[in-house]
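Trainee:
Residue numbers (the working numbering), protein chains in the order written: chain P, 16 to 180; chain A, 31 to 226.
Quick look at the structure:
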C-alpha cells in the first residue's frame, strides 16, 4: 500500500470515472473573473474612506468636515474634566461623594420604653442592617481560673509519696 | 495558460502603489497561480460529490473566494494542494447539507457526459452510465465517513496520508475506513445482484 490507496474494480472503475471527469472549458477564466470582482470589492471596502469618500468631497465640504470634527473633539474635551471632577475617577460610574448619612436605628432601650408606654411607638422605626452600623460588642470578660485548687492537688501528691517508708 | 494569464493580470493591475496594496497584489498573484495549478483537481473533487457540473464549478469558485478572504494565511500554508482540497471538500459538504438533496445519481445524462467517448456507441454509453449510476446509488448508502474516504481514494493525486490530512484524521483510520467501505460495498453490490 506504501502511501497509495489500493485499487479494485468495478467500484473503482466508477469512482475513477468520476475522479477523472473532464473540467468544463473556460473554468479557470471564470474563476479568475469572479476573483477579480471579489478583489475589487475588497479594495473598495479598504479604500472606501480615504480614496473614494474624501477625494470626492469639494474644498468647502472638506473644511466643513474638519471643522465639525474639531468641534466634536472640543466638546468632548470640555465635558471630560467636569465628569472627572464629579466622579472622582475618569470613566467611573460610581459616585465617590457621599450624600446624607445612612439612617440610624433608634436605640434599643428607647424603643423598648416607647413600646411599653403606648404600644405602637415602634411602627415608624427604621430597620438598618447591622452591616451599615456595625454593632460594637464589648469584649467578653475573661474567666478567672481557680488556680489555687489545682496547685494544691498537684502539690499534694509528692508529699504523700515522701511520707511512705 | 495564456488567455487566463491575461484575464487574471487584469484583476491584479488595479492596485495602487501603497504597501498594503503591494502585499495584496502579491497574495492575489499567488492565488492566481493556485487557480492555474489546482482548479481542475478541485473541480473533479467537487464533481465526485455533487455530480453536477454547474454546482461543482460554483464550489470551486467559492473555494477560491474563501482563499482570497484568508489570503493573509497563504504564506503559512505548507501544502497548498491538500489545503485547497480540504477547503473544497468542506464547501461541497456544506452545500450538500444546505441543499439537503442527494447527488443526482439517477441523472444518467450527467454521468454520460463525463464518460470517456472513445470506442463506445451511444447505446453502450447509456448502458455504461446506467451501470455507474447503479454503483453510485450503492455508494450513497454507505456511512458518511466511509463514503468520504472511498470517494477521495479514487483521486490518484491524493495519497492516504493526504486523505487523512483532508479529513483531519490519521492515516490508519483512513485505511480502516477504506477497508470497511469496500467490504460494505461488496456486500451491497452482491446483494443487489442476487436480488435481480
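Cβ coordinates follow ideal geometry from the N, Cα and C atoms, glycine included. No experiment lies behind these values; they were computed from the predicted model shown.
#1: Is residue 56 of chain P close to chain A? Criterion is C-beta to C-beta, closer than 8 Å.
#2: Can you list the residues of chain P that residue 62 of chain A reaches, using a CB-CB cut of under 7 Å?
#3: Let me know the secondary structure DSSP gives residue 155 of chain P once reduced to three states.
#4: Report the rounded CA-to-CA distance for residue 71 of chain A versus residue 221 of chain A, giving the unit in angstroms.
#5: Let me see if you follow: with CB-CB separation under 8 Å, is residue 29 of chain P close to chain A or not?
#6: What residues from chain P crowd round residue 10 of chain A, counting only those whose CB sits closer than 8 Å?
#7: Check the Cβ-Cβ distances between residue 144 of chain P and every residue of chain A, and say whether any is below 8 Å.
#8: Tell me whether the beta-carbon of residue 80 of chain P lies closer than 8 Å to the beta-carbon of residue 58 of chain A.
#9: Report the residues of the segment 99 to 111 of chain A with a CB closer than 7 Å to any CB of chain P, ordered along the chain.
#10: Does any CB atom of chain A fall closer than 8 Å to the CB of residue 20 of chain P?
#11: How many whole angstroms separate the CB atoms of residue 99 of chain A and residue 68 of chain A, which I take to be in contact at a CB cut-off of 8 Å?
#12: In three-state DSSP terms, what is residue 198 of chain A?
#13: Quick check on this structure: which residue in A/206, A/79, A/90 and A/102 has the alpha carbon closest to the alpha carbon of residue 47 of chain P?
#14: Note down the Cα distance separating residue 36 of chain A from residue 44 of chain P, rounded to an integer number of angstroms.
#15: Reducing DSSP to helix, strand and coil, say where residue 72 of chain P ends up.
#16: Between residue 35 of chain P and chain A, is any beta-carbon pair separated by less than 8 Å?
#17: Residues of chain A with a CB under 7 Å from the CB of residue 39 of chain P: which are they?
#18: Is it buried or exposed, residue 95 of chain P, if we count other Cβ atoms within 10 angstroms and call 16 or more buried?
#19: Please state whether DSSP places residue 142 of chain P in a helix, a strand or coil.
#20: State the DSSP-derived secondary structure class of residue 109 of chain A, mapped to helix, strand or coil.
#21: Please state the DSSP three-state secondary structure of residue 141 of chain A.
#22: From residue 91 of chain P to residue 58 of chain P, what does the alpha carbon distance come to, in whole angstroms?
#23: Taking 8 Å as the threshold (C-beta atoms), are residue 175 of chain A and residue 207 of chain A in contact?
#24: Measuring alpha carbon to alpha carbon, tell me which of A/87, A/171, A/116 and A/88 ends up nearest residue 219 of chain A.
#25: Does any residue of chain P bring its CB to less than 8 Å from the CB of residue 144 of chain A?
#26: Using a 10 Å radius around the Cβ and a threshold of 16 neighbouring Cβ atoms, would you call residue 87 of chain P buried or exposed?
#27: Taking a contact to mean a Cβ-Cβ separation below 8 Å, would you say residue 65 of chain A touches residue 94 of chain A in this structure?
#28: Would you give the residue range spanned by the alpha helix (DSSP H) that residue 38 of chain P belongs to?
#29: Look up residue 187 of chain A in the DSSP assignment and say whether it is helix, strand or coil.
Mentor: Working from what's here:
#1: no
#2: 47
#3: coil
#4: 34 Å
#5: yes
#6: Here chain A comprises residues numbered 31 to 226, so residue 10 of chain A is not present and cannot be evaluated.
#7: no
#8: no
#9: none
#10: Unreliable positioning characterises residue 20 of chain P in this predicted model, as indicated by a pLDDT of 47, which lies under 50. The coordinate reading is nonetheless provided below. Closer than 8 Å: yes.
#11: The pair is not a contact, with the Cβ atoms about 17 Å apart (cut-off 8 Å).
#12: coil
#13: A/90
#14: With a pLDDT of only 44 at residue 36 of chain A, under the threshold of 50, the placement of this residue in the model should not be trusted; the figure read from the coordinates follows. C-alpha separation (whole angstroms): 9 Å.
#15: coil
#16: yes
#17: 83 and 87
#18: exposed
#19: coil
#20: coil
#21: helix
#22: 33 Å
#23: yes
#24: A/171
#25: yes
#26: exposed
#27: yes
#28: No alpha helix (DSSP H) holds residue 38 of chain P; DSSP gives it neither H nor E.
#29: coil
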